[in-house]
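Read the structure below first, then the notes.
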Amino acid sequence: KDELGDEIWTVDEKIGGRYFYLTHGTAVWGHEFGFFKDPNDCNADTIWLTYSSSEEKVKDFIGKVAVISLNVDGRDFKIKTPMLNAGTIGLTHVMTFTNLDAEQQLIDSLMKARYVKVMIVEPKELEALLDIKDDQFGLKGFVASRKEAGQICRDNAPKIPQKREALASIRQ
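Counting from 1, position 50 in the sequence shown corresponds to residue 50 in the numbering used here; the numbering is continuous, with no gaps.
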């Protein structure tokens with residue numbers, strides 16, 4: 001841990017053979033921020049965020065798009081991504097936001113930064129249900145874990161062309 005109380009980044013295979021690299025929140029350890037790489041497109045970094053609430057009503061927002069503020073060492077990025085799911089663990093409802101490939105500008109900023117502060121800002125009705133309004137995630141280890149996830153992804157990428165690529169070559 002550094003002075004912000006940041007947890008280390010981990011690389012792990014989970015959910016359909018995707019390679020996740022992520023870290024935990026400094027306010028709530030159960031909050032996760034990171035990305036995953038899919039063996040069908042190892043160049044993409046798909047955002048992965050889990051956030052919690054004690055309010056069961058957060059489940060009403062499954063499938064709806066949320067606006068999330070990522071403040072990277074003082075530089076603000078706003079992303080729009082759907083809430084994929086909201087599961088319940090004990091009395092806590094854990095929301096998952098994903099399915100958005102990060103823009104290169106965001107990745108470049110994260111690679112140089114010390115921390116990212118995450119806030120769900122819209123819809124306001126969802127933001128009002130959050131017990132913890134923002135969480136901070138340390139970026140120490142981000143670069144190394146992204147590189148490791150990319151290498152593992154490339155090592156496990158399909159060796160035959162995917163259907164989309166095959167169709168594109170047939171049409172030419």
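Every residue gets a Cβ at the ideal spot worked out from N, C-alpha and C, and that includes glycine. Keep in mind it's a predicted model, so treat the numbers as computed, not measured.
Discussion item. Mapping the DSSP letters down to three states, classify Asp251 as helix, strand or coil.
Written reply: In the structure as shown, the chain begins at 1 and stops at 172. Residue 251 is therefore absent and cannot be evaluated.
Residue range of the alpha helix (DSSP H) that includes Leu126:
Within the sequence shown, the letter at position 126 stands for residue 126. From DSSP, the alpha helix (DSSP H) with Leu126 extends over 124 to 127.
Subject >> Reduced DSSP category for Glu103 - H, G, I as helix; E, B as strand; rest coil >> reply: Counted from its first residue, the sequence shown places residue 103 at position 103. Coil.
Discussion item. Taking the straight line between their C-alpha atoms, what separation do you get for Pro123 and Lys159?
Written reply: For this step, residue 123 is matched to residue 123 along the sequence shown. For this step, residue 159 is matched to residue 159 along the sequence shown. If you take the alpha carbons of Pro123 and Lys159, they lie about 42 Å apart.
Give the straight-line distance between the Cα atoms of Lys112 and Asp45, rounded to the nearest whole angstrom. In the sequence shown, the residue the question calls residue 112 occupies position 112. In the sequence shown, the residue the question calls residue 45 occupies position 45. Roughly 16 Å separates the two Cα atoms.
*Residue closest to His93, alpha-carbon to alpha-carbon, out of Val11, Leu129, Asp134*: The sequence position of residue 93 within the sequence shown is 93, counting from 1. Answer by Cα proximity: Leu129.
Looking at the unbroken alpha helix (DSSP H) that takes in Ser145, where does it start and where does it end?
The residue labelled residue 145 in the question sits at position 145 within the sequence shown. From DSSP, the alpha helix (DSSP H) with Ser145 extends over 142 to 155.
Requested in this report: Return the CA-CA distance between Leu10 and Leu110, expressed in angstroms with no decimal places.
Outcome: Here residue 10 refers to the residue found at position 10 when the sequence shown is read from its first residue. Here residue 110 refers to the residue found at position 110 when the sequence shown is read from its first residue. Contrary to the premise, residue 10 reads as Thr rather than Leu in this sequence. Going by C-alpha positions, Thr10 is about 16 Å away from Leu110.
Item to complete: Measure the beta-carbon distance from Ser52 to Val28 and round it to whole angstroms, keeping in mind my assumption that it falls under 8 Å.
Response: Sequence index remark: in the sequence shown, residue 52 carries index 52 (1-based). Sequence index remark: in the sequence shown, residue 28 carries index 28 (1-based). The Cβ separation is near 6 Å, so the contact holds.
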